[in-house]
Amino acid sequence: MFVSSELRDIASIDTLIDTMAATEGETYRQVPGRRTFRFEHGGKGYFAKIHFGVGWREIIKNYLQFRAPVVDASNEFRAIHRLQGLDIDTLTPVAYAARGKNPATRQSCLVTAELLNTISLEDLVRQGGISPVLKRALIAKVAWICKTMHRSGLNHRDLYICHFHLDLSSMSPLRLYVIDLHRAQLRDKTPRRWIVKDLGELLFSTAEAGLTKRDLLRFVRAYSDRSLRDALRYERRFWRDVRSRADRLDDREAANQAAMSRAGPGT
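When we follow this note's numbering, the leftmost residue of the sequence shown carries the number 465, and every step to the right adds one.
In structure tokens, the structure reads:
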């Protein structure tokens, strides 16, 4: 646990959680037991993520679904440091504190420096006008990040293109920041099914990116770190599973949209 010098005039390790809970800012996400918001201090922008305790019901539900519950910010804090050690650009923590031993009521807070002059790949796709050169560079960079991350034993669990942020001030070399790591899992070796889940989510989220078959094969070759011929020969079933995962997510989204349409506005 720590508080960097830039925030020590407003908080210490012992007071960080209470100070951030009382700090006003622009809320980006609020769900039961967790709030993420932006605030400014000393002319700089920061993001704070506060965990207030998830409760035993949420913990039991996750275990019944064979999922590891996220009970505090330590998960994201450790994932950030893992990526930094791999030379993968990510968020910069400026404060972290936690209190309580009971996992259902444990409280914690992680504060990170705001990313400046970046755009998510999702927003970049929506803007359009991505040159072929930039598209190839992005495919290679994303493939390298995913490969490096997975081989280190880390899987994201929310690996959508909205969680890759392109640094617009440094296009050569290309810098992509990986964000929103609060559900990431860290092990010595990443299980195959979690790699498939990550890559399936990534493929699903590129539906509007206009990727061609050649683009997808370029990713396969870069991620596999072998010739395309060998990748398709020895890993064909793996990549079929990735495609199936993406298709299931697409079907689920279509079903949700259909249900909303049947329900009508205001329901």
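Even for Gly, the Cβ is constructed at its ideal location relative to N, Cα and C.
Predicted model, so just to flag it, every value in this text is computed and none were measured.
Secondary structure of leucine 550 (DSSP, three-state): coil. In the structure shown, isoleucine 481 adopts helical secondary structure according to DSSP, grouped into three states. For histidine 614, the enclosing alpha helix (DSSP H) has its first and last residue at 596 to 615. Within the segment 684 to 708, the runs of alpha helix (DSSP H) that reach at least 4 residues and sit entirely inside it are, in chain order, 692 to 698. In this structure serine 595 is not in contact with serine 572, their Cβ atoms being roughly 42 Å apart against a cut-off of 8 Å. Measuring C-alpha to C-alpha distances from serine 633 to each of Thr569, Leu580, Thr612, Cys626 identifies Leu580 as the nearest. A direct Cα-to-Cα measurement between phenylalanine 503 and isoleucine 514 gives close to 13 Å. The continuous stretches of alpha helix (DSSP H) do not include tyrosine 492, which lies in the beta strand (DSSP E) extending over residues 490 to 495. Remark: fewer than three beta-carbon pairs, one from each stretch, lie closer than 8 Å, so the segment 539 to 546 and the segment 580 to 594 are not flagged as touching.
Judged by their CB atoms, tyrosine 641 and threonine 554 are nearer to each other than the 8 Å cut-off. The segment 607 to 620 makes contact with the segment 649 to 665: 3 or more CB pairs, one atom from each, lie closer than 8 Å. The shortest CA-to-CA distance from valine 684 to any of Ala568, Ala673, Leu667 is the one to Leu667.
For phenylalanine 511, the secondary structure class from DSSP, reduced to helix, strand or coil, is strand.
Of all C-beta pairs linking the segment 601 to 613 to the segment 550 to 564, three or more are shorter than 8 Å, placing the two stretches in contact. When rounded, the separation of the alpha-carbon atoms in aspartate 622 and threonine 569 is 25 Å.
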